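Okay, structure first, notes after.
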Amino acid sequence: MLDATIINNRNALLSLTYGHGLVQCWLGLRAPCEGTIQPQGLYGRESQTEALVTELEGLTTTTSERFAFIATKASRIGRRILLCRCMGGNERTTANALNRLDEWWSVIKSEQASEEVCVTSHGSRSRLTEEELYCELGRLKETLDVSEVPRGLPLNFDPAVPAPPGAIPEPLYMPDHQQAMELAAYSSAHISCDESHLRTLGSPTFKKNESRNPWLHLLLRVAAGLDPAECSRRNMYRQGICHYVHCAAHLLQDLEAIHFLDGLYQRMMDAGGYYEDCFTPLSLSSLCNKLLCRELTRGRTVFLLCPTYSTWTTRDILFSKGHEEYFMIFGREADGRYFNDLTSLNNLDLSN
């Protein structure tokens with residue numbers, strides 16, 4: 002409803018004195034929601050709504066806000082490419098893979114896909130192919146590369162020099178929380194927009210790099226320097242630091258970073274936090290992270306791991322500890338076979 006009102010009246014709003022600020026606030030509210038969009042959801046020019054949202058982002062957002070939008074969009078592209086690999090089977094048709102994913106997702110999560118029809122600039126109903134999605138990723142990278150570098154980026158930081166294995170992230174203390182989150186979004190965007198990470202992860206011959214990605218190491222330093230109580234208080238309506246670390250560590254399949262994230266969740270809960278965003282309790286995110294760690298330790302490559310809760314799940318169930326919860330896991334076995342599993346947390350040892 003709000004989306005339609007803003008989009009249908011965008012020209013009138015932008016002509017008002019306070020119009021740009023109003024659109025900025027609306028885009029800020031949409032940003033956390035974009036990370037929860039179903040992987041098979043319409044993206045970019047497939048959707049008239051998304052195309053107009055992107056146009057408004059370009060007209061109204063500041064550089065720091067743009068980093069968060071870029072990181073989220075790039076993560077969406079990556080999830081869709083990888084999950085199409087899982088669901089495609091012997092067929093390479095994007096539409097067939099997305100239809101399978103949509104059916105499976107709808108059954109497991111009891112969520113229906115958006116009723117918006119996919120319409121490209123040519124008026125057809127075809128979906129973006131894998132290579133077209135990589136082109137979209139390239140456009141995001143170009144936008145990132147020409148953006149102003151955020152304040153606080155260490156002068157001695159070299160994106161071409163990885164951190165050695167086992168390097169402990171030395172806390173990077175920033176003048177204020179906003180500046181730290183801006184640098185976190187910038188680091189996350191660089192990781193998510195690098196198509197080499199996505200192509201490497203999608204390859205059946207994928208092998209984890211022993212050294213740590215320099216952007217990931219910088220992101221961990223930023224996270225280590227943040228006040229956990231401030232994160233719970235000020236990141237409620239934005240993409241939080243846990244989200245950025247999770248997306249980066251997941252894409253790079255970095256076990257050390259995933260262990261770091263486990264400690265970060267615990268620090269926030271010890272500080273009295275229940276959420277860091279407006280959707281997922283920290284306790285549930287922590288369980289998801291522990292399960293991801295277990296799957297990687299078993300030699301699996303994990304593309305996506307998420308609970309089966311839907312948008313209609315009640316708060317009582319989200320916070321309950323005795324409720325039997327299942328997680329959807331998409332990925333590839335060590336022998337190269339793709340899988341999509343449904344796993345219960347019951348009787349699983351996730352204490353380590």
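All residue numbers in the sequence shown are consecutive under the numbering used here, ending with 353. Just so it is clear, CB atoms sit at the ideal spot from N, CA and C, and this is done for glycine as well. These numbers were taken from a predicted model, which means no experiment stands behind them.
- In this structure, the beta-carbon distance from LEU28 to GLY20 does not fall below 8 Å.
- Between the C-alpha atoms of THR73 and SER197 there is a straight-line separation of about 17 Å.
- Note on geometry: alpha-carbon atoms of CYS26 and ILE259 lie some 32 Å from one another.
- Annotated as distal: PRO205 and ARG101, with beta-carbon spacing of 8 Å or more.
- Between the alpha carbons of CYS279 and SER233 lies a distance of about 10 Å.
- For ILE169, the three-state secondary structure derived from DSSP is coil.
- VAL150 carries a coil assignment under DSSP once its states are collapsed to helix, strand and coil.
- Across the set LEU23, LEU202 and ARG295, the C-alpha of LEU202 shows the shortest separation from the C-alpha of LEU83.
- The alpha-carbon separation between ARG67 and GLU58 amounts to approximately 8 Å.
- The Cβ-Cβ distance between LEU99 and GLY45 does not fall below 8 Å.
- Judged by their CB atoms, PRO40 and ARG80 are nearer to each other than the 8 Å cut-off.
- Sequence-distant Cβ neighbours of VAL303 in its own chain, meaning closer than 8 Å and more than five residues away, are HIS251, GLN254, LEU293, GLU296, LEU297, ILE330, PHE331 and GLY332.
- By the neighbour-count criterion, in which a residue is buried when 16 or more other Cβ atoms sit within 10 angstroms of its Cβ, VAL162 is exposed.
- In summary, SER345 is exposed, with fewer than 16 beta-carbon neighbours lying within 10 Å of its beta-carbon over all protein chains present.
- Boundaries of the alpha helix (DSSP H) harbouring TYR245: 242-253, taken from the DSSP string.
- Pairing CYS248 with SER76 gives a Cβ-Cβ distance under 8 Å.
- For ILE8, same chain residues with a beta-carbon under 6 Å away, outside a window of 5 residues either side, are LEU53 in chain order.
- In the structure shown, ASN341 adopts extended strand secondary structure according to DSSP, grouped into three states.
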